[in-house]
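Scroll down for the structure; my scribbles are underneath it.
Protein chains: 2
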Amino acid sequence: MKSNCTNPAWIGRAECAVCDVRGFVLFSGLSTLELDAILQPIDNLRVPQNAVLYEQDSAAPCVYTLRSGLIKLKVDLPNGGRRIVRLLRPGDVAGMETLVGERYHHTAVALQDADVCRIPREVVLRLDQTNPAVHQALMRRWQRSVDQADHFIVALSTGSAEARMARLLITLGCTGSQPDTSMPSREDMGALLGITTETASRVVAEFRRRGLIHIEKGDCVAYDHAGLTRLAQG
Amino acid sequence: MKSNCTNPAWIGRAECAVCDVRGFVLFSGLSTLELDAILQPIDNLRVPQNAVLYEQDSAAPCVYTLRSGLIKLKVDLPNGGRRIVRLLRPGDVAGMETLVGERYHHTAVALQDADVCRIPREVVLRLDQTNPAVHQALMRRWQRSVDQADHFIVALSTGSAEARMARLLITLGCTGSQPDTSMPSREDMGALLGITTETASRVVAEFRRRGLIHIEKGDCVAYDHAGLTRLAQG
DNA sequence: CGGGAACTTGAACGTGATCAAGCCTTGTGG
DNA sequence: CCACAAGGCTTGATCACGTTCAAGTTCCCG
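As they're listed, the protein sequences go chains A and B. For our numbering, add 36 to where a residue sits in the first sequence, where the first one is 1. For our numbering, add 36 to where a residue sits in the second sequence, where the first one is 1.
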């Protein structure tokens with residue numbers, strides 16, 4: 037991880053003003069001038085795949101906005117297992133619990149190389165109080181977290197393994213941009229859906245045989261979206 | 037349901053100032069004077085058991101604070117089933133999605149007779165902008181929703197039926213006050229845990245045989261808290 | 001090319017779903 | 001006050017699905 041925003045010599049600083057997430061992230065309501073004023077304490081970090089962004093129950097001084105990549109929030113279970121409770125994509129915010137509490141509620145790990153901005157709690161709180169647009173954006177983010185959590189309950193923790201997997205693939209595809217998406221490991225899929233790694237593997241294999249998905253080199257897939265939607269029903 | 041706060045003749049209006057939830061609900065930061073000024077558009081409702089407070093996807097003009105009782109938020113599944121995604125207790129807020137959106141995301145139904153205050157979106161938004169304490173309270177409520185949703189994923193949708201049921205009973209017991217708590221129907225338990233009504237019934241019966249719980253007249257239980265905790269592990 | 005991790009596959013087992021009765025409680029009308 | 005109907009709860013028998021444990025296999029990286 038390297039830091040940028042706090043380095044006065046970093047010419048990339050200006051990039052924040054044109055940052056491609058700027059339009060839909062926390063500070064979208066700020067003028068370039070305002071933006072510049074608060075950039076000082078903000079760090080831009082690269083989080084390599086599988087790196088831990090923060091650990092559950094550790095002190096939580098900062099929130100993070102995701103500029104690119106994919107991040108999972110997981111919870112460690114008493115019996116040694118783990119459960120993934122959220123997937124964050126570009127534009128999402130991680131660690132908002134710092135705004136009303138002391139510690140992180142999850143462990144955040146990059147599923148794909150990620151690019152994040154680290155923002156001290158105080159900066160967000162101050163902006164939240166002074167700038168209505170930021171405040172509005174913050175409320176939206178919070179509601180978004182709730183919606184995503186609900187989606188995990190309703191879509192990814194309900195019904196047969198087959199139905200859950202279909203819904204997961206559809207959810208991943210919703211990233212929008214490309215028609216194909218990179219796939220998490222079978223182990224992560226298991227932790228996402230509340231099933232074992234083996235079952236995840238079997239279901240994916242079966243989907244492949246039926247021609248519902250197609251795995252190219254590496255980890256990308258193309259869908260028979262209609263067929264998956266049918267399976268997702270239950 | 038009868039209305040109170042909007043009725044000028046309602047002497048109970050003063051009760052809001054001494055309302056027992058006042059200390060830990062949205063408006064805890066307001067003076068009695070401020071409180072009085074905003075009371076006008078607020079309705080106090082009684083929601084009988086099994087009554088619907090609001091319907092999923094319907095227009096959402098208001099948020100509701102729960103003063104007493106128990107409310108479930110459920111989602112209807114494409115295949116006809118339903119899944120309960122949250123349980124609200126006194127002090128919780130329902131329908132916060134109205135603050136950033138147009139429609140309710142769940143159907144809210146009273147599990148026990150409930151007493152709620154209905155507050156128009158505009159009132160909350162205005163207070164949120166003008167009163168820092170209200171704003172702070174709102175953020176806490178939002179985070180609380182997220183935490184509760186996470187709990188449903190991690191505790192109530194993970195592991196064997198037995199473990200889930202144990203965690204549910206512990207969660208219900210956490211209401212705190214009495215040592216015994218009223219139990220939801222077997223059907224609701226199923227919808228809470230993502231299992232069938234029959235399995236819910238079997239597990240409860242088995243718990244009873246083992247002396248882990250005890251069901252008195254009506255729908256109240258007393259726990260062997262230690263034993264349940266052991267089962268909850270996995 | 002070799003070693004390791006992730007993935008795949010198989011066979012046996014166990015848990016929960018399903019379908020189908022029966023039972024108990026509650027409320028209603030004769 | 002009893003009888004009966006209705007809905008929720010319980011229980012049983014069977015079956016399917018997912019877990020578990022144990023090999024293989026493939027892929028990737030050094």
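Ideal Cβ positions, reconstructed from N, Cα and C, are used throughout, including at glycine. Bear in mind that the values here come from a model prediction, so they are computed numbers and not experimental data.
My output table needs one value for residue i: the three-state DSSP class, helix, strand or coil.
i       : result
T207(B) : helix
V240(B) : helix
Q85(B)  : coil
S24(A)  : There is simply no residue 24(A) to check, as chain A begins at 37 and stops at 270 in what is shown.
D186(B) : helix
A130(B) : strand
L123(B) : strand
V257(B) : strand
D224(A) : helix
T101(A) : strand
V159(B) : helix
M268(B) : Reading off the sequence shown, one finds Ala at residue 268(B), where the question assumed Met. Note: A268(B) maps to helix in three-state DSSP.
N80(A)  : strand
A202(A) : helix
Measuring only the C-alpha atoms, how far is residue i from residue j?
i       : j       : result
A130(A) : Q179(B) : 12 Å
E223(A) : T233(A) : 5 Å
S196(B) : Y90(B)  : 33 Å
R125(A) : D164(A) : 23 Å
V160(B) : R266(B) : 43 Å
D79(B)  : R157(A) : 36 Å
G116(A) : A144(B) : 35 Å
I231(A) : N167(A) : 44 Å
I47(A)  : V182(B) : Low local confidence applies: a pLDDT of 40 at I47(A) is under 50, so the model's placement there is unreliable, and no value is given.
R118(B) : Q269(A) : 13 Å
R162(A) : I189(A) : 34 Å
L264(B) : T235(B) : 17 Å
S94(B)  : V111(B) : 13 Å
V239(B) : R200(B) : 10 Å
A87(A)  : E242(A) : 31 Å
D149(A) : L102(A) : 11 Å
Y100(B) : R177(B) : 12 Å
R244(B) : E252(B) : 11 Å
D186(B) : M175(B) : 17 Å
Q172(B) : H171(A) : 11 Å
R154(B) : S221(B) : 27 Å
V83(A)  : R139(A) : 20 Å
L21(B)  : A169(A) : Lying before the first or after the last residue shown, residue 21(B) is absent from chain B, which here runs from 37 to 270.
T207(A) : Q85(A)  : 20 Å
Going by alpha carbons, who is nearest to residue i out of the options?
i       : options                            : result
G247(A) : L208(A), H261(A), R222(A)          : H261(A)
I107(A) : D151(A), V136(A), L135(A)          : D151(A)
E133(A) : L147(A), Q92(A), I206(A)           : Q92(A)
S2(A)   : E252(A), Y259(A), R139(A), E198(A) : This structure leaves residue 2(A) out entirely; chain A is present only between 37 and 270.
L204(A) : A146(A), R245(A), C153(A), R122(A) : R122(A)
G127(A) : D149(A), S104(A), L113(A)          : S104(A)
A258(B) : L228(B), H142(B), P114(B), M219(B) : M219(B)
V136(A) : L192(A), P97(A), I120(A)           : P97(A)
T194(B) : P114(A), V170(A), L208(A), L147(A) : P114(A)
L109(A) : M175(A), L174(A), H171(A), Q184(A) : Q184(A)
I120(A) : H141(A), Y100(A), H250(A)          : H141(A)
H250(B) : G226(B), G209(B), L228(B)          : G209(B)
L228(B) : R139(B), R82(B), L81(B), L147(B)   : L147(B)
G226(A) : A173(A), V83(A), L192(A)           : L192(A)
Using DSSP bridges, identify the partner residues of residue i.
i       : result
N167(B) : Paired residues: none, contrary to the question.
Q148(B) : L106(B)
H142(A) : Looking at the DSSP assignment, H142(A) forms no beta bridge with any residue, so it has no partner.
R180(A) : DSSP output for R180(A) lists no bridge partner at all.
V136(B) : Its beta-bridge partners do not exist; DSSP assigns none.
I249(B) : Y259(B)
A95(B)  : R139(B)
Residues, ordered as in the chain, of the region 159-170 of chain A that lie near chain B by beta-carbon distance below 9 Å
D164, Q165, P168
What residues from the region 115-128 of chain A come within 7 Å of chain B, judged by C-beta to C-beta, listed N to C?
N115, R119, V121
Interface residues of the region 186-200 of chain A facing chain B [CB-CB below 7 Å]:
For the region 186-200 of chain A, the residues whose beta carbon sits under 7 Å from a beta carbon of chain B are, in order, D186, F188, I189, V190, S193, T194.
Residues of the region 129-159 of chain B whose Cβ lies closer than 9 Å to any Cβ of chain A, in chain order:
M132, E133, L135, V136, G137, H141, H142
With 8 Å as the limit, tell me which residues of the region 90-116 of chain B have their beta carbon closer than that to any beta carbon of chain A; keep them in chain order.
V111, L113, P114, N115
Against chain B, which members of the region 215-248 of chain A pass a CB distance test of less than 7 Å?
G230
Name, going along the chain, the residues of the region 170-182 of chain A whose beta-carbon falls closer than 7 Å to a beta-carbon of chain B.
Within the region 170-182 of chain A, those residues whose Cβ lies closer than 7 Å to any Cβ of chain B are, in chain order, M175, R176, W178, Q179, S181, V182.
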